[in-house]
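Residue numbers for the sequence shown follow full-length UniProt numbering, beginning at 1 and rising by one. Since the structure comes first, as C-alpha cells, the remarks are kept for the end.
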Amino acid sequence: MDFKRIEWIFLIVFIGINIFLGIEIFQTPTLLSPPASSGTAADLNTEMKADNITLPKLSSEQRDGYYLASKIDDDWNKTARTQLASNFATSFEDNTLNVSLTNPVKVSHDSKKRLAEIKSFVANPKNVFQGKKYHYVTQLSNTADYVFDQESDYGLTYSENARLHIQVKNDQIVSYTQTYIQNLAPVRERQTTLSAKGAIDALYTYSELPNNSKVLWTKFGYSKLIKVRGSIIYIPSWTIAIENNNTKNISIKQVNAFTGKIIQDNTNETENKDVA
C-alpha cells in the first residue's frame, strides 16, 4: 500500500470521527442542562433528602477533559507475550490477555502487606506488560480480585478496555486478565466538564438514582463512548457507586461528564463484596 493511500485512509477516518463528535455535541444539551423540571441545586438536594438518598461530600468544582480516540489494534499482546516470564501460560481473545501462573506467587495473608506485594508483582515487566501504567482501584477490588485501571497522559481510564484483574486464591496470585489501550490521543480541543455534584444531579434528574440508596463514591476518569470507523472514542466520565439500603447491592453507573447523559453500556450491579 503506497504512502499517499495510507494518508487518505487516515484523513477519512479522522474526518469520520470528527463528524460523529460534531453530531454528538449538537444533539446533547449544553453542559448539564437536564430536563427543565430539574429545578435548582437546592431543590434537588431537598428532593434527594426526602427520597432517603444519602450523599457523600461532593465538590461543585468543574473539571476539564478531551474526546480521546484509540485505534482498535491487538498487536500489543504479541509484544506482551514475548516479555512475560516463560513459566506463564498465556492466551489472547477479544483483546484480552489471559495469563495463568504455572508456579503461583505467594503473597501475605495480611491485607496491607498483600496489596504491597501485588503492586510489586504488577510493576515487574516480566510479570505484567506495561504494569507501571496501571493504578490500583480499591473501590472495584475485593480479596480475590485486585483491580487495576490503566493510566494515560490524560488521566485514569475506568473501562474494561484498559483493566487488569489479578486473581488471588489461598494467598497466592494464580492468574490475571489484562486489557490495554494503545496510542490514546485527543481528537477535539479541551472542554469543561461537570463537577461531581453535577454528575449526581444528572443521575437523579434522569431517574437513575433510586430512593432509599446511598452514594458510596464518585471517581473522575475516561470511559468508552462508542466505536467509530475502527477506533474507540473515550470521554471524561464520572463513575458512581450506589448502594441499595435494603438489599445492600451496589450499582456502578457512569455519567458522560460533558453532557450529563448516562453511559448505558457501562452500568452494572453487583452484590456487596469485601473490599481488599
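All C-beta atoms, glycine included, are put in the ideal place defined by N, C-alpha and C.
If distances are taken between C-alpha atoms only, which option among the options comes closest to residue i?
| i | options | result |
| --- | --- | --- |
| S195 | K133, E61 and T46 | E61 |
| A149 | N170, V122 and K214 | The sequence shown places Asp at residue 149, not Ala. If we check each option's Cα against that of D149, V122 comes out closest. |
| L225 | W217, K219, P236 and N87 | P236 |
| K132 | A50, K112, Y180 and S159 | Y180 |
| I233 | V99, P186, D153 and I252 | P186 |
| R114 | T90, S251, A85 and I173 | I173 |
| Y66 | Q83, W76, S59 and T192 | T192 |
| N95 | Y204, V107, Q182 and R188 | Q182 |
| H135 | T90, Q178, V99 and I240 | Q178 |
| V255 | W238, N246 and N249 | W238 |
| G230 | E117, A69, D64 and A144 | A69 |
| L84 | D110, Y176 and K49 | Y176 |
| V137 | Y154, R81, I118 and Q130 | I118 |
| N170 | L164, S152, A144 and N52 | A144 |
| R63 | Y154, N161 and K227 | Y154 |
| K126 | R188, T82 and W76 | T82 |
| A162 | D74, N52 and M48 | D74 |
| I166 | K227, N249 and S141 | S141 |
| Q130 | V107, G198, S251 and S152 | S152 |
For residue i, count neighbouring C-beta atoms within 10 Å of its own C-beta (all shown protein chains included) and say buried if the count is 16 or more, exposed if not.
| i | result |
| --- | --- |
| P35 | In this prediction, P35 scores a pLDDT of 43, lower than 50, which makes its location untrustworthy; the coordinate-derived value is nonetheless stated afterwards. Classification for P35: exposed. |
| I72 | exposed |
| I6 | Caution applies to I6, whose pLDDT of 48 falls short of 50 and renders its modelled position unreliable; the model cannot decide the point. |
| F258 | buried |
| G260 | buried |
| R190 | exposed |
| D201 | buried |
| S37 | Caution applies to S37, whose pLDDT of 42 falls short of 50 and renders its modelled position unreliable; the model cannot decide the point. |
| residue 278 | As displayed, the chain neither begins before 1 nor continues past 276, which places residue 278 out of reach and without an answer. |
| N211 | exposed |
| I263 | buried |
| A50 | exposed |
| A89 | exposed |
| S91 | exposed |
| N52 | exposed |
| K197 | buried |
Just checking my contact of residue i with residue j at CB under 8 angstroms: how many whole Å lie between their CB atoms?
| i | j | result |
| --- | --- | --- |
| Y54 | V215 | The amino acid occupying residue 54 in the given sequence is Thr; Tyr does not appear at that position. So it is a contact: roughly 7 angstroms between Cβ atoms. |
| W217 | P56 | 7 angstroms |
| N124 | T102 | Actually they are not in contact, since the Cβ atoms of N124 and T102 sit about 16 angstroms apart, beyond 8 angstroms. |
| N244 | S213 | 6 angstroms |
| S223 | Y158 | 5 angstroms |
| V168 | Y146 | 7 angstroms |
| Q139 | A42 | Actually they are not in contact, since the Cβ atoms of Q139 and A42 sit about 29 angstroms apart, beyond 8 angstroms. |
| L184 | K253 | So it is not a contact: roughly 23 angstroms between Cβ atoms. |
| G221 | L156 | 4 angstroms |
Between which two residues does the beta strand (DSSP E) carrying residue i extend?
| i | result |
| --- | --- |
| G198 | Segment A196 to T205 is the alpha helix (DSSP H) holding G198; no beta strand (DSSP E) there. |
| F148 | D145 to S152 |
| T177 | Q172 to Q178 |
| E243 | S231 to N244 |
| S98 | Residue identity check: residue 98 is Asn in the sequence provided, not Ser. Note, N98: beta strand (DSSP E), T96 to K106. |
| T138 | That residue, T138, is in no beta strand (DSSP E); it is neither H nor E in DSSP. |
| G221 | S213 to V228 |
| F92 | F88 to E93 |
| L209 | Taken as a continuous stretch (DSSP letters only), L209 belongs to no beta strand (DSSP E), as it is neither H nor E. |
Let's see if you can read the secondary structure: which residues bound the alpha helix (DSSP H) around residue i?
| i | result |
| --- | --- |
| V122 | S111 to A123 |
| A162 | Unbroken run through A162: none, as it is neither H nor E. |
| K78 | W76 to Q83 |
| A257 | Careful: A257 lies outside any alpha helix (DSSP H) and carries neither H nor E. |
| T46 | A41 to A50 |
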